[in-house]
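Residue numbering for the sequence shown is 151 to 289, as defined by this note's numbering. Just so you know, even glycine gets a beta-carbon here, dropped at the ideal spot from N, CA and C. Here's the structure, in structure tokens; my notes come after.
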Amino acid sequence: RAGSLTLTKAASSGSFQKVGESITYTYVVHNGGALLVSNVRLTDDKVSTFNCGATSLPTSLAAGASFTCTGLYEITEADMVAGNVTNNAQALGDPSIQSNIASVTVRRDDSHVRERTQQTINNLLQRRTDLLLSDEPDR
Numbered sequence: 151r152a153g154s155l156t157l158t159k160a161a162s163s164g165s166f167q168k169v170g171e172s173i174t175y176t177y178v179v180h181n182g183g184a185l186l187v188s189n190v191r192l193t194d195d196k197v198s199t200f201n202c203g204a205t206s207l208p209t210s211l212a213a214g215a216s217f218t219c220t221g222l223y224e225i226t227e228a229d230m231v232a233g234n235v236t237n238n239a240q241a242l243g244d245p246s247i248q249s250n251i252a253s254v255t256v257r258r259d260d261s262h263v264r265e266r267t268q269q270t271i272n273n274l275l276q277r278r279t280d281l282l283l284s285d286e287p288d289r
């Protein structure tokens with residue numbers, strides 16, 4: 151059996167709140183085949199630079215071996231508008247070996263907006279109540 155690459159990918163967080171926030175993706179590439187895979191490389195439609203520890207991507211991956219890399223992505227205004235960011239990664243090697251496509255979606259966390267909105271509403275309602283109960287002539 152030839153070399154066989156599998157890719158697993160995870161995000162450091164399941165949500166984001168603002169532009170400029172960083173998401174770290176972790177990639178694990180495994181050669182599940184019986185032969186060496188050469189010219190190993192990672193592709194990701196959102197991340198272009200990978201940190202694979204003390205060295206860069208390994209040039210080859212022995213049968214049964216794995217390596218781990220990380221990549222950083224910074225949230226953009228377009229991600230905020232879309233409400234999520236999905237990216238796809240794949241490991242490639244020679245001769246003509248492709249892993250599965252690993253996708254991860256990170257969603258915008260709007261809970262802080264809801265909390266601030268509820269706090270503002272509560273403050274307005276309290277002010278209205280205070281005015282109605284007061285002896286101020288301008289109520």
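V179 is a Cβ neighbour of C219, given a cutoff of 9 Å.
Beta-bridge pairing by DSSP links G243 to I247. In this structure, the CA atom of R258 is about 5 Å from the CA atom of N234. Looking at the DSSP output, I173 shares a beta bridge with Y223.
In the three-state scheme derived from DSSP, where H, G and I count as helix and E and B as strand, A161 is classed as strand.
Within the same chain, Cβ atoms closer than 7 Å to the Cβ of T156 are found at H180, G182, S249, N250, the five residues on either side in sequence being excluded. Taking the C-beta atoms as reference points, I225 is found no nearer than 9 Å to G164.
Excluding sequence positions up to five before and after A241, its CB lies within less than 6 Å of the CB of L155, L157, V179, L192, S249, all in the same chain and listed in chain order. CA-CA distance, A161 to L281, rounds to 50 Å. Looking at the DSSP output, S261 sits in no beta bridge, so it has no partner there.
For the pair N189 and T176, the CB atoms are not nearer than the 9 Å cut-off. Taken atom to atom, the span from the alpha-carbon of A232 to that of L186 is near 41 Å.
By the neighbour-count criterion, in which 16 or more other beta carbons inside 10 Å mark a residue as buried, N273 falls on the exposed side.
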